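What follows is one structure encoded as structure tokens, with my remarks underneath.
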Amino acid sequence: MQRDARALVDGSVGGAIGTAVMSVSMMAGKQTGLMGEHPPELVAAAVLRAGNRSDVQKEKQHVLAVVGHFAFGIGGGALFGVLHRRLRLPISPVVHGALYATGIWSVSYFGWVPALGIMPSAEDDRPGRPLLMVTAHWIFGAVLGWWVGRTEIHLPGTPHRT
Numbered sequence: 242m243q244r245d246a247r248a249l250v251d252g253s254v255g256g257a258i259g260t261a262v263m264s265v266s267m268m269a270g271k272q273t274g275l276m277g278e279h280p281p282e283l284v285a286a287a288v289l290r291a292g293n294r295s296d297v298q299k300e301k302q303h304v305l306a307v308v309g310h311f312a313f314g315i316g317g318g319a320l321f322g323v324l325h326r327r328l329r330l331p332i333s334p335v336v337h338g339a340l341y342a343t344g345i346w347s348v349s350y351f352g353w354v355p356a357l358g359i360m361p362s363a364e365d366d367r368p369g370r371p372l373l374m375v376t377a378h379w380i381f382g383a384v385l386g387w388w389v390g391r392t393e394i395h396l397p398g399t400p401h402r403t
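Here the sequence shown is numbered in my numbering, starting from 242 and rising by one per residue.
Structure representation (structure tokens):
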């Protein structure tokens, strides 16, 4: 139980760090002109519309997008921390994190995001954005895995994974 609590905290911190680095990569991707509106901004706009709050100022919508994106990343990181420690896969935590993030991207951009009408499915999205977004998720996952791997509790008789 104590290990799960530690894994939850380590994953949460890794999720926050990973989200920050991912956000920088998304901003860089926007500079290419391929990104369009950032997906967290589109999610925030959809949340406001659903709550009949479309009149909210753009700055407040941006704050909601940033907070929501970090909350999602921290929550996803917490789950990864526990899964990583429990599964004990014979792969690098960085690779495990990138695979986990690929799952998040797939479930989001082929699942709930288009199902809720927020964005088209990745296969129908504007050219370039899906590649930029899956790459941003790999960055998130690699950073998350790196952080969780470096904070891992190593028990006697268990291999050290880097």
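Where a beta carbon is used, it is the ideal one built from N, C-alpha and C, also for glycine. Just so you know, these numbers come straight off a predicted model, no measurement behind them.
Query                                                                                                                      : Result
Segments assigned alpha helix (DSSP H), at least 4 residues, entirely inside the segment 326 to 373                        : 334 to 348
Option nearest G316 by Cα separation, candidates S264, L249 and V375                                                       : L249
First through last residue of the alpha helix (DSSP H) which encompasses S295                                              : Segment: none, S295 is in no alpha helix (DSSP H) and carries neither H nor E.
First and last residue of the uninterrupted alpha helix (DSSP H) at G277                                                   : No alpha helix (DSSP H) contains G277, which DSSP labels as neither H nor E.
Nearest neighbour of G382, chosen from A257, M360 and T392 [CA to CA]                                                      : A257
Own chain residues within Cβ distance below 6 Å of G255, not counting five before or after                                 : G318, L385, W388 and V389
Beta-carbon contacts of I345 that lie in its chain and below 7 Å, excluding the five residues immediately before and after : G317 and H378
Spatially closest choice to A350 from L372, Q272 and G309, by CA coordinates                                               : This sequence places Tyr at residue 350; Ala is not what is there. Among L372, Q272 and G309, the Cα nearest to that of Y350 belongs to L372.
P409 burial status per 10 Å Cβ neighbour count (16 or more: buried)                                                        : Absent from the structure is residue 409, since the part of the chain shown begins at 242 and ends at 403.
Cβ-based neighbour list, A286, same chain, cut-off 7 Å, excluding 5 preceding and 5 following                              : Q302
Alpha-carbon to alpha-carbon, R370 and Y341                                                                                : 20 Å
Cβ pair V284, G309 closer than 8 Å                                                                                         : yes
Exposed unless 16 or more other CB atoms sit within 10 angstroms - verdict on A356                                         : exposed
Candidates V265, R391 and R326: closest to M242 by CA position                                                             : R326
Euclidean distance between Cα positions of K299 and L289                                                                   : 11 Å
G314 burial status per 10 Å Cβ neighbour count (16 or more: buried)                                                        : buried
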